[in-house]
Amino acid sequence: MTVRRLSIFLPRDTEFYSALLEQMKRGFAACGIDCSGALSHPNAEEMKDWCALRRPQVVFEMNRCRRDVPYLPPGVRHVVWLVDLGGRRTDYFEGSDITYFFGPAWAPGFSRAGFRRCLVPGACPVDYAPAEREPSIELGFVGHVPKPWSAVELDRDLTATPGELSLAEFLPEFEREIRTIWDPPRIPLEYLSEELTSERRAPSAFSSRWRTATVARNLVKRMRGAELVISDEKMRYDLFARVIRHVNRGDLAHAMVKTGRRVGFFGPEQWRLWPAFAPFYRGWLSGPAAMRRTYASTRFNLHEGEGVHFRSMDILSTGSILVFRKTNRDRTPGGIASLFEPGEHYIECKLDNLSETIAAASENPDSLARMGREVAGAVRRRHTWHHRAREILHDLDQIA
């Protein structure tokens, strides 16, 4: 379809989303699109008024699918970009004309018919221009880590029989299981194609053993011979989102501290709630300018892997060095190694050899400087928000 007007709705009004909305709007504007947007998901009355005023042909929403917007006017296309499932199953998100996944591992949980593929973030060449590097921190991580569990949270029951299995009893085994499925088999391309086609069939079933919910159910049955009971949405989020971040980001943070190098954690205050991380907490970063300075003042910027995050692309855009935890999904469409070359544009690592990886890279500062220059150029050639806007418009054209 020929698109002239498009509206973007991001989940809430924060510094991050405010900057992201402007970056995305600039990308679409460079394509000649009248792009509007807001930092909320409009309700029925708000959407009616918005569409009457702005007349968008396409509504692009983060984390909200067409089934949740039954009041969207007929004829308006709906695109959903799944960046945070909020503990919901991937299959919950149905009805949109296009479904974009944030990372390659998300596709196997999606069995709905319709167009689907990975959409990795772009970078803003203005907000994240190449920066002069003057590292004062050796290893840095920018992002949030969930709070530690409270006594009340740990005491919650996971079966229909009170006292049979608490979250406190379940967590150690569950976290071990999560670590064992960090590297599932490569995802078949039927789930993630490089290009959209006119075919709207649903993908065939993918083994559910790699899904967190299946792991949890099987573990409860193995431990107590009972069925897992999820009492509310908070429990669902805690089991299928919060635990993942505890494990993935917590394991990375512990590995960083164990190197004995100068470490910095940046983000919300809850880093202070973890005794192992509190001494290395460096504060909140307010807006792109502060983040750009931090990336440039950090010798190695770490990411836990699993999809190309916004901050990963922004780090690369500034010409700073990204150290990315390696998975066997990295060369799947949407994985970092499908976009950039390890060793040339970024450094890949495993947590059990992080110290050795950092030591080896540190021995060749000229190579690191060359890597920064190369990847900053690669981002500008292929991975700005202008490029992402062009991709989205191309995909919309395919479903006309």
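Heads up: the sequence shown begins at 36 in our numbering, then just goes up one per residue. Glycine residues also receive a C-beta, built at the ideal position from the N, C-alpha and C atoms. A quick note: this is a predicted structure, and the numbers were derived from the prediction, not measured.
Checklist entry - What do you get for glutamate 96, buried or exposed, if any count of 16 or more other CB atoms within 10 angstroms of its CB means buried? => result Residue mapping note: residue 96 aligns to position 61 of the sequence shown, counting from 1. Counting Cβ neighbours within 10 Å, glutamate 96 comes out buried, since at least 16 surround it.
Item to check | Identified DSSP bridge partners for isoleucine 265 | outcome: Position 230 of the sequence shown holds residue 265. Paired residues: none, contrary to the question.
Checklist entry - Where do the N-terminal and C-terminal ends of the alpha helix (DSSP H) with glycine 62 fall, by residue? => result By one-based count along the sequence shown, residue 62 stands at place 27. For glycine 62, the enclosing alpha helix (DSSP H) starts and ends at 50-64.
Item to check | Test item: CB-CB of serine 26 and arginine 47 under 8 Å | outcome: Outside the modelled stretch of the chain, which goes from 36 to 435, sits residue 26, for which no answer is possible.
Item to check | Residues near arginine 280 by beta carbon distance below 6 Å, same chain, minus five either side | outcome: As a first step, residue 280 must be located in the sequence shown, where it is residue number 245. Correct list, in chain order: Pro181.
Next on the checklist: Going by DSSP in three states, glutamate 304 sits in which element: helix, strand or coil?
Outcome noted: By one-based count along the sequence shown, residue 304 stands at place 269. Three-state result, glutamate 304: helix.
Item to check | Three-state class that DSSP yields for valine 255 in the structure shown | outcome: The count along the sequence shown starts at 1 and reaches residue 255 at position 220. DSSP, reduced to helix, strand and coil, places valine 255 within a helical segment of the structure shown.
Item to check | Residue from His429, Pro109, Ile371, Arg416 whose Cα sits closest to the Cα of phenylalanine 137 | outcome: Against the sequence shown, residue 137 aligns to sequence position 102. The option with the nearest alpha carbon to phenylalanine 137 is Ile371.
Item to check | C-beta contact flag for alanine 158 and aspartate 349 at 8 Å | outcome: Here residue 158 refers to the residue found at position 123 of the sequence shown. Here residue 349 refers to the residue found at position 314 of the sequence shown. With contacts defined by Cβ atoms closer than 8 Å, alanine 158 and aspartate 349 form a contacting pair.
Item to check | Cβ separation of leucine 193 and valine 264, assumed to be a contact under 8 Å, to the nearest whole Å | outcome: Taking the sequence shown and counting its residues from 1, the one referred to as residue 193 is at position 158. Taking the sequence shown and counting its residues from 1, the one referred to as residue 264 is at position 229. With 8 Å as the limit, leucine 193 and valine 264 qualify as a contact, their Cβ atoms being about 6 Å apart.
Item to check | Exposure of leucine 55, with buried meaning 16 or more beta-carbon neighbours within 10 Å | outcome: Locating residue 55 in the sequence shown gives position 20, where the first residue counts as 1. Leucine 55 is buried by the Cβ-count criterion.
Next on the checklist: Tell me the rounded alpha-carbon separation between alanine 395 and alanine 65.
Outcome noted: Mapped onto the sequence shown, residue 395 falls at position 360. Mapped onto the sequence shown, residue 65 falls at position 30. Taking C-alpha positions only, alanine 395 is separated from alanine 65 by approximately 41 Å.
Item to check | Straight-line gap, aspartate 103 to threonine 134 (C-alpha atoms, nearest Å) | outcome: The residue given as residue 103 occupies position 68 in the sequence shown. The residue given as residue 134 occupies position 99 in the sequence shown. For aspartate 103 and threonine 134, the distance between alpha carbons rounds to 14 Å.
Next on the checklist: Quick check: what's the CA-CA separation for threonine 232 versus asparagine 399?
Outcome noted: The residue you call residue 232 lines up with position 197 of the sequence shown. The residue you call residue 399 lines up with position 364 of the sequence shown. Only weak support exists for where threonine 232 lies, its pLDDT of 47 falling under 50; the value from the coordinates is given anyway. Between threonine 232 and asparagine 399, the C-alpha separation is close to 45 Å.
Checklist entry - Which residues in the same chain have their Cβ closer than 7 Å to the Cβ of arginine 35, if we skip the five residues on either side of it in sequence? => result Since the first and last residues shown for the chain are 36 and 435, residue 35 lies out of range.
Next on the checklist: Restricting to runs no shorter than 4 residues, where is the alpha helix (DSSP H) found entirely within the segment 152-231?
Outcome noted: If only complete runs of 4 or more residues are kept, the segment 152-231 shows the alpha helix (DSSP H) at 186-189, 202-215, in order along the chain.
Checklist entry - Three-state secondary structure (DSSP) at isoleucine 427? => result Within the sequence shown, the letter at position 392 stands for residue 427. Of the three classes helix, strand and coil, the one that applies to isoleucine 427 here is helix, per DSSP.
Checklist entry - Should threonine 329 be counted as a contact of the ligand PLP given a C-beta to heavy atom distance under 7 Å? => result The model on display carries no ligand, and the ligand PLP is accordingly not part of it.
Checklist entry - For arginine 271, does the three-state DSSP call read helix, strand or coil? => result As a working mapping, residue 271 is identified with position 236 in the sequence shown. It is helical.
Checklist entry - For the segment 273-332, which segments carrying the alpha helix (DSSP H) assignment without a break, of at least 4 residues, lie completely within its bounds, in sequence order? => result For secondary structure counted as the alpha helix (DSSP H) over 4 or more consecutive residues, the segment 273-332 holds these complete runs in sequence order: 278-293, 322-331.
Checklist entry - For histidine 113, is the classification buried or exposed, using 16 other Cβ atoms within 10 angstroms of its Cβ as the cut-off for buried? => result Counting from one through the sequence shown, the residue named residue 113 turns up at place 78. Histidine 113 comes out buried.
Item to check | Option in Gly322, Asn283, Ser146, Asp401 with minimal Cα separation from aspartate 162 | outcome: Numbered from its first residue, the sequence shown carries residue 162 at position 127. The residue with the shortest Cα to Cα distance from aspartate 162 is Gly322.
Checklist entry - Which whole-angstrom value is the C-beta distance of alanine 411 and threonine 329, which I expect to be below 8 Å? => result By one-based count along the sequence shown, residue 411 stands at place 376. By one-based count along the sequence shown, residue 329 stands at place 294. With a contact defined as Cβ atoms closer than 8 Å, alanine 411 and threonine 329 miss out at about 16 Å.
Checklist entry - Should glutamate 210 and valine 278 be called a contact, given that it needs their Cβ atoms to be closer than 8 Å? => result As a first step, residue 210 is located in the sequence shown; it is residue number 175 there, counting from the start. As a first step, residue 278 is located in the sequence shown; it is residue number 243 there, counting from the start. Cβ distance < 8 Å, so glutamate 210 and valine 278 count as in contact.
Checklist entry - How about glycine 374 and valine 38: are their beta carbons less than 8 Å apart? => result Working through the sequence shown from its first residue, we reach residue 374 at position 339. Working through the sequence shown from its first residue, we reach residue 38 at position 3. With the sequence shown as reference, residue 374 is identified as leucine, and glycine is not the correct amino acid for it. Result no, Cβ atoms of leucine 374 and valine 38 do not sit closer than 8 Å.
Next on the checklist: Just to check my reading of the structure: arginine 334 and leucine 287 have Cβ atoms closer than 8 Å, yes? What is that Cβ distance to the nearest angstrom?
Outcome noted: Position 299 of the sequence shown, counted from the first residue, corresponds to residue 334. Position 252 of the sequence shown, counted from the first residue, corresponds to residue 287. About 16 Å separates the beta carbons of arginine 334 and leucine 287, which is beyond the 8 Å limit, so they are not a contact pair.
Next on the checklist: Looking at the secondary structure, which residues open and close the alpha helix (DSSP H) in which threonine 392 lies?
Outcome noted: Against the sequence shown, residue 392 aligns to sequence position 357. 389-397 is the extent of the alpha helix (DSSP H) around threonine 392.
Checklist entry - Using the rule of at least 16 other Cβ atoms within 10 Å of the residue's Cβ for burial, across every protein chain shown, is lysine 385 buried or exposed? => result Within the sequence shown, the letter at position 350 stands for residue 385. It counts as exposed.
Next on the checklist: Could you tell me the alpha carbon to alpha carbon distance between leucine 389 and glutamate 339, rounded to whole angstroms?
Outcome noted: Sequence index remark: in the sequence shown, residue 389 carries index 354 (1-based). Sequence index remark: in the sequence shown, residue 339 carries index 304 (1-based). Cα-Cα distance, rounded: 12 Å.
Checklist entry - Under the three-state reduction of DSSP, which class applies to valine 115: helix, strand or coil? => result Counted from its first residue, the sequence shown places residue 115 at position 80. Correct three-state label for valine 115: strand.
Item to check | Collapsed DSSP secondary structure at leucine 357 in the structure displayed | outcome: Here residue 357 corresponds to residue number 322 of the sequence shown, with the count starting at 1. Of the three classes helix, strand and coil, the one that applies to leucine 357 here is strand, per DSSP.
Next on the checklist: I'd like the span of the beta strand (DSSP E) that includes glutamate 80, first residue to last.
Outcome noted: Within the sequence shown, numbered from 1, the residue matching residue 80 stands at position 45. Secondary structure note for glutamate 80: it is in no beta strand (DSSP E), and the uninterrupted alpha helix (DSSP H) holding it is 79-89.
Checklist entry - Which runs of the beta strand (DSSP E), 3 residues or longer, sit entirely within the segment 120-145? => result Entirely contained in the segment 120-145, the beta strand (DSSP E) runs reaching 3 residues are, in chain order, 133-136.
Checklist entry - Just to confirm, are leucine 117 and threonine 294 a CB contact at a threshold of 8 Å? => result One-based indexing of the sequence shown puts residue 117 at position 82. One-based indexing of the sequence shown puts residue 294 at position 259. Contact flag unset, no.
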